[in-house]
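Residue numbers (our numbering): 980 to 1212.
Before any comments, here is the structure.
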């Protein structure tokens, strides 16, 4: 069986604005192999977040084909897509999106509980993952009691606790200072190597992007390899 985690051809996305159609993505072709880490860079408004939402089955392309883990996700029902996301995908955002009323441990365990795992087993797996991100001592703290860097580490633990095939990250270090950004990115790469998970990371930070397996540039909806111009983004 192919080792491709993502395989898409000719992805386009149109939005209607009054009488005008706006083409956000223009024939995107992208393949990501198992265990590969890919950075998507580009200026604001180039379509990066739209592409990430489509890859995460949170939005549908107007045209084109998309297979994730050998599944044509467009053919799944909404319920099936939700189950697919829970089983195969992890998400990390610029803002952590933690549930403020739950502890760090409960936040990390949530995807496992949603998948139907026994509560004790889910808690144990969440503890192991919090230990991997260096937050065992903060397990019972709620997000309001955590620093920005700690919240993002909890969000990362939540994204990978179920052992997803693919993690999609949208500016995961964009809301952090330089020190915490470097720490978070090093953690992502360590987890990627340890778990063999594929990562697709949208980022403006070209230094961080350079540490991934591969970088592609999205410019006005067109995806291409990086060029000298990419260093000015």
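The C-beta atom is built at its ideal place from N, Cα and C for all residues, glycine as well.
These numbers come from a predicted model, not from an experiment.
Residue i versus the options, residue with shortest Cα-Cα distance
{"i": "residue 1159", "options": "1029, 1177 and 1129", "result": "1129"}
{"i": "residue 1170", "options": "1182, 1141, 1181 and 1027", "result": "1141"}
{"i": "residue 1086", "options": "1183, 1122 and 1052", "result": "1122"}
{"i": "residue 1048", "options": "1071, 1038, 1010 and 1125", "result": "1010"}
{"i": "residue 1071", "options": "1200, 1175, 1153 and 1186", "result": "1153"}
{"i": "residue 1125", "options": "1013, 1091 and 1084", "result": "1084"}
{"i": "residue 1183", "options": "1120, 1006 and 1021", "result": "1021"}
{"i": "residue 1108", "options": "1172, 1095 and 1088", "result": "1088"}
Beta-carbon spacing of residue i, residue j below 7 Å
{"i": "residue 1023", "j": "residue 1198", "result": "no"}
{"i": "residue 1146", "j": "residue 1035", "result": "no"}
{"i": "residue 1299", "j": "residue 993", "result": "Residue 1299 is absent from the model: the chain starts at 980 and stops at 1212."}
{"i": "residue 1132", "j": "residue 1155", "result": "no"}
{"i": "residue 1189", "j": "residue 1196", "result": "no"}
{"i": "residue 1193", "j": "residue 1017", "result": "yes"}
{"i": "residue 1179", "j": "residue 1149", "result": "no"}
Paired residues, beta bridge with residue i - DSSP
{"i": "residue 1113", "result": "According to DSSP, residue 1113 bridges with nothing at all."}
{"i": "residue 985", "result": "1011 and 1047"}
{"i": "residue 1177", "result": "1145"}
{"i": "residue 1201", "result": "1198"}
List in chain order: all unbroken alpha helix (DSSP H) runs of 4+ residues lying wholly within the stretch 989–1065.
-> Listed in chain order, the complete alpha helix (DSSP H) runs (minimum 4 residues) inside the stretch 989–1065 are 1027–1034.
In chain order, each beta strand (DSSP E) run of at least 3 residues that lies wholly inside the stretch 1116–1154 | You should have 1145–1149.
Are at least three pairs of beta-carbons, each pair with one atom in the stretch 1042–1050 and one in the stretch 1102–1120, less than 8 Å apart?
-> In short, these stretches do not touch, since the Cβ pair count stays below three.
Are the stretch 1076–1083 and the stretch 1049–1066 touching, with three or more C-beta to C-beta distances below 8 Å?
-> Contact fails: fewer than three Cβ-Cβ distances are below 8 Å.
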